[in-house]
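A.B. asks: Encoded as C-alpha cells, here's the structure I'll be asking about.
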Amino acid sequence: MKILYITPDLTNSGGIARVISLKTNYFVSVFNYEVHILAANTTNAGFFYDFNEKIKWYTIADSKKSLFFLWNYLRLIKKVIAEKKPDIIIVCDAVLWVSIPWIIKTKIPILFETHVSRFLKKTDSQSKIDELKQKAIHSIKQITLNKFDKVIFLSQENSNEWKLKNAEIIPNPISFTSQKKSNLQSKKAIAATRHSYEKGLDRLLFVWKKITLKYPDWTLDIYGQWENDLTYQQMASSLQISSYVNFIAPTKDIQTKYLESSLYLMTSRSEAFPLVLIEAMGCGLPCIAYDCPCGPRAIINDKEDGFLIENGNESDFVNTIITLIENEDLRLKIGESAKISSQKYNIDSVMQIWKNLLED
834 MKILYITPDL TNSGGIARVI SLKTNYFVSV FNYEVHILAA NTTNAGFFYD FNEKIKWYTI
894 ADSKKSLFFL WNYLRLIKKV IAEKKPDIII VCDAVLWVSI PWIIKTKIPI LFETHVSRFL
954 KKTDSQSKID ELKQKAIHSI KQITLNKFDK VIFLSQENSN EWKLKNAEII PNPISFTSQK
1014 KSNLQSKKAI AATRHSYEKG LDRLLFVWKK ITLKYPDWTL DIYGQWENDL TYQQMASSLQ
1074 ISSYVNFIAP TKDIQTKYLE SSLYLMTSRS EAFPLVLIEA MGCGLPCIAY DCPCGPRAII
1134 NDKEDGFLIE NGNESDFVNT IITLIENEDL RLKIGESAKI SSQKYNIDSV MQIWKNLLED
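The sequence shown maps to residues 834 to 1193 in my numbering.
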C-alpha cells in the first residue's frame, strides 16, 4: 500500500502534526506501508515530533508573500502523483486543499481528513464581512467535500455538522500507553494547548483567578507555543496571578507532566477531538472541560470519567475544580475511571480501523 499525504505545516508542536506523525509512523513500522508526505511547511526548521526515517518528504514553503505559491504547490502535487503513483491520497484539513478533487484529475481514491470543528472561530469580534466570508467558505466546502471518496471525521458530532453521505468516523489514537497513573496528590493543574482564541486561555485565566483566591497553594501549568504573542502572559499579570500560572514551552515528554499533575483543565471555545484529553485521562487525571462544539462530549462521560461544564459557565467550572480539590476520594474515583475509558483509543485499535478502510 502506497499512501500520499497532502498536509499543512507539520513542523510545529500542534495536535495535527502529532496525530499525523503517530499514524504515518504506524503505517510504516507496523503495516509496512510506503508513505509519502507533501507538506506546506512555513519554516525550514526541523520537526517537533519524530517521523519514521522511511517516510518520503516533499515540501514547499507556504509563504503568503508569494503570488506563485498556489501554482507551484499544485504543480508539485501533480508531479508527485504522476511519479509515485500512490494507491491512496489523503488530504489533511487545510481549507485550500478541499478543492483538490476538482483540480487533480485522477482515478486514485482521495480521502479528506478533518481535524477542526465547523464552529471554529478565530476572534471574538468578527465583522459582518468576516461572517459572510466564513459562510461562503462553508458553502464551498460543503460542495467540495462531496467530491472526495471518503471524508474522515473524528466524532459523530463532528460528522453531523456536515451531513455527508461519504462520511467515516475514526477517532484520534492515544499517543502513548502509560503503565503509570498520577497519584493526584500534587497541588497542580495542567493544560496543554495552542495560544489562540478558539482554545480559550483567556477563559481559563479568569477561572484560575478565582481558584487562587481560595487555594493560593495551587498552581496551573500551561504548555503551549506562543512565539512572539504574550497576550495571555500579560493577561495573567493584569489579573495578578502570574505567580500562580506557569507558561511553559511545548515538551515531547508531556506524559511526565500529566503524571506530575492532579487535574486537567480545558476551556476551549471549539474543538474537534482533543487528543490532550485522552492523554490526560490515560495518565489517570480527572478532566474538566467546557462542553464546547464538538470534541469533549465525544470523549468525556459527564460525572463518570470527567466533567463537562456548560460552555462558558465560569462559576460551574470553578466550583467543579474546588469540589475535586476538596474531595480526594472523588478525585481518585474519576481518575481511575478516566484511565479505563482512555483505553478504547489504543493506537492498535484505531489503526486497525484505518487499515480496514484503506484496504477495503
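The beta-carbon is built from N, C-alpha and C at its ideal position, and this holds for glycine as well.
Remember, it's a predicted structure, so these values are computed and weren't measured experimentally.
Alpha carbon to alpha carbon, what distance is there between Asp982 and Tyr1222?
C.D. replies: No information on residue 1222 is available, as it lies outside the stretch 834 to 1193 that the chain covers here.
A.B. asks: Near Thr977, which residues of its chain fall below 8 Å by C-beta distance, leaving aside the five closest residues on each side in sequence?
C.D. replies: Answer for Thr977: Val931, Ser932, Pro934 and Trp935, listed in chain order.
A.B. asks: Could you tell me the boundaries of the alpha helix (DSSP H) in which Ile1167 lies?
C.D. replies: Segment Glu1161 to Ser1175, the alpha helix (DSSP H) holding Ile1167.
A.B. asks: Under the rule that 16 or more other beta-carbon atoms within 10 Å means buried, what is Ile1046, buried or exposed?
C.D. replies: In the sequence as presented, Ile is not what sits at residue 1046; that position holds Leu. With fewer than 16 other Cβ atoms within 10 Å, it is exposed.
A.B. asks: Based on the DSSP secondary-structure assignment, which residues constitute the bridge partners of His869?
C.D. replies: DSSP output for His869 lists Leu837 and Lys889 as bridge partner(s).
A.B. asks: On the premise that Asn991 lies in contact with Phe1106, defined as a C-beta separation below 8 Å, what is that separation, rounded to the nearest angstrom?
C.D. replies: Phe1106 to Asn991, Cβ: 7 Å. Contact.
A.B. asks: Output the distance between the C-alpha atoms of Ile849 and Leu843, rounded to the nearest integer angstrom.
C.D. replies: C-alpha separation (whole angstroms): 8 Å.
A.B. asks: Quick one: what's Ala1024 bridged to in DSSP?
C.D. replies: Answer by DSSP bridge pairing, in chain order: Ile1055.
A.B. asks: Just list the residues that DSSP pairs Lys1042 with in beta bridges.
C.D. replies: According to DSSP, which records beta bridges pairwise, Lys1042 is partnered with nothing at all.
A.B. asks: Go ahead and pull the three-state DSSP assignment for Ala1105.
C.D. replies: Three-state result, Ala1105: coil.
A.B. asks: Which residue's Cα is closest to the Cα of Lys835: Ile1158, Ile921, Leu855 and Phe902?
C.D. replies: Comparing Cα-Cα distances from Lys835 to each of Ile1158, Ile921, Leu855 and Phe902, the minimum goes to Ile921.
A.B. asks: Kindly list the residues whose CB is nearer than 6 Å to the CB of Ala872, restricted to its own chain and excluding five residues on each side of it in sequence; keep chain order.
C.D. replies: Counting only Cβ-Cβ distances below 6 Å, and skipping sequence neighbours, we find Thr840, Leu843 and Thr892.
A.B. asks: Measure from the alpha carbon of Gln1066 to the alpha carbon of each residue in Ser1075, Gln1058 and Glu1060, then state which is nearest.
C.D. replies: Minimum Cα distance to Gln1066 is reached at Ser1075.
A.B. asks: Taking the CB atoms as reference points, tell me whether Glu1031 and Arg1102 lie closer together than 8 Å.
C.D. replies: Going by C-beta atoms, Glu1031 is nearer than 8 Å to Arg1102.
A.B. asks: Considering only C-alpha positions, which residue in the set Glu964, Asp1050, Ala1069 and Ser1174 is nearest to Lys1040?
C.D. replies: It should be noted that the sequence gives Val, not Lys, for residue 1040. Checked all of Glu964, Asp1050, Ala1069 and Ser1174; the closest Cα to Val1040 is Ala1069.
A.B. asks: Hey, how far is the Cα of Val861 from the Cα of Val868?
C.D. replies: Distance between the alpha carbons of Val861 and Val868 is about 7 Å.
A.B. asks: Look at the Cβ atom of Arg851, then the Cβ atom of Leu1108, and state whether they are nearer than 8 Å.
C.D. replies: Yes, they are a contact pair.
A.B. asks: To which residues of the same chain is Pro1049 closer than 8 Å at the C-beta, ignoring the five residues directly before and after it?
C.D. replies: Here the set comprises Tyr1077.
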